[in-house]
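There are 2 protein chains.
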Amino acid sequence: MLGYVTDDVVEPAAEDMQLPRVLAALADPNRLAAVRFVAHNGESWCAQVMEQAMLPMTKSTFSHHLRILREAGVLTKRIQGARGYTTLRKQDLDARFPGLIDSIIAAAPVLQPRV
Amino acid sequence: MLGYVTDDVVEPAAEDMQLPRVLAALADPNRLAAVRFVAHNGESWCAQVMEQAMLPMTKSTFSHHLRILREAGVLTKRIQGARGYTTLRKQDLDARFPGLIDSIIAAAPVLQPRV
DNA sequence: CTGGTTGTTCGATAACCATCGAAGTTTGAC
DNA sequence: GTCAAACTTCGATGGTTATCGAACAACCAG
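Chains as they are written, first to last, in this note's numbering: chain U, 548 to 662; chain Y, 548 to 662.
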């Protein structure tokens, strides 16, 4: 059986995405960095994003952020084995909010390694 | 003399605008409605925005929201007489975040009169 | 100068949010 | 079966935010 039984996050259909919610999800610098990483590197698993994007937080906090991004419709998750792979819902975002995610990804600052 | 002496809001230059701050400013549904109104109707004074955009809040709360939008760089204010006229900083926003504000304005839902 | 219009500032309050550590669940490897 | 790896969930905590009413300041019209 796939998936954590307890993972009951609802990812909205493209037509049900709410702009304020999407903007709020992207307004956090750490979440923005995560989204940008996934946008550039394609499907990634959690630890990969956290480590390579150098997000300064614990796994539980990152899990929380991922949930917010999924509930807004920005990211989607696919479970394979013990890992959860995350992808940007680019097609759906483009359909619902044309040009939005491209302009945000383009405008996001280049990742700075955090020491 | 122009301006409220006590109004010490700092509106950032285009190059100093921060994406997360802009997104956070636009993530609030009421602020988004206000921005959308100004984007469509051009320079407007406060009471005009509040009434015609039918924002369900007091003047003091609206003043607070306007401050956040100005501090993010989304709006600018011009004082004339007793009134404060507000404008979208479209040129600066386009220069700093190409395509962003257009996609947000285009995606924002049509204003629904609140009863 | 006296009101009335226009908007800001100041507390105060309640709701929300990011963060952590600890404990739990699922999976894969041995 | 046992153990580690990979996340998630829970409860707590501290910081931020939206909101209001009251008081204030600048301006305009008599």
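Glycine included, C-beta positions come from ideal geometry on N, C-alpha and C.
How big is the Cα-Cα spacing for residue i and residue j?
i, j, result
"Cys593/Y", "Ala642/Y", "26 Å"
"Gly550/U", "Gly620/U", "Residue placement at Gly550/U cannot be trusted, given a pLDDT of 43 that sits under 50; what the coordinates show is reported in the next sentence. Those two C-alpha atoms are separated by around 19 Å."
"Phe584/U", "Ala586/Y", "32 Å"
"Ala654/U", "Asp575/U", "14 Å"
"Asn499/Y", "Gln595/Y", "Residue 499/Y cannot be examined here, being either before or after the span of chain Y that is shown, 548 to 662."
"Leu616/Y", "Gln627/Y", "20 Å"
"Leu622/U", "Arg630/Y", "44 Å"
"His611/U", "Ala572/U", "11 Å"
"Ile652/Y", "Thr605/U", "36 Å"
CB residue i to CB residue j, shorter than 9 Å?
i, j, result
"Lys624/Y", "Val582/Y", "no"
"Pro645/U", "Ser650/Y", "yes"
"Arg568/Y", "Glu618/Y", "yes"
Short of 8 Å in beta carbon distance, which residues of its chain neighbour residue i, apart from the five on each side in sequence? Order them along the chain.
i, result
"Leu570/U", "none"
"Arg614/U", "Val556"
Within the same chain, show all residues whose beta-carbon is closer than 6 Å to that of residue i, passing over the 5 residues directly before and after it, in chain order.
i, result
"Thr634/Y", "Glu590, Thr623"
"Tyr632/Y", "Glu590, Trp592, Arg625"
"Ile648/U", "Leu640"
Please work out which residues of its chain come closer than 7 Å, Cβ to Cβ, to residue i, disregarding the five sequence neighbours upstream and downstream, and give them in chain order.
i, result
"Pro559/U", "Gly620"
"Phe609/Y", "Cys593, Met597, Leu602"
Across the segment 591-605 of chain Y and the segment 562-574 of chain Y, are there enough close Cβ pairs to call them in contact, namely three or more that are closer than 8 Å?
no
Fully enclosed by the segment 602-634 of chain U, which alpha helix (DSSP H) runs are 4 residues long or longer?
606-619
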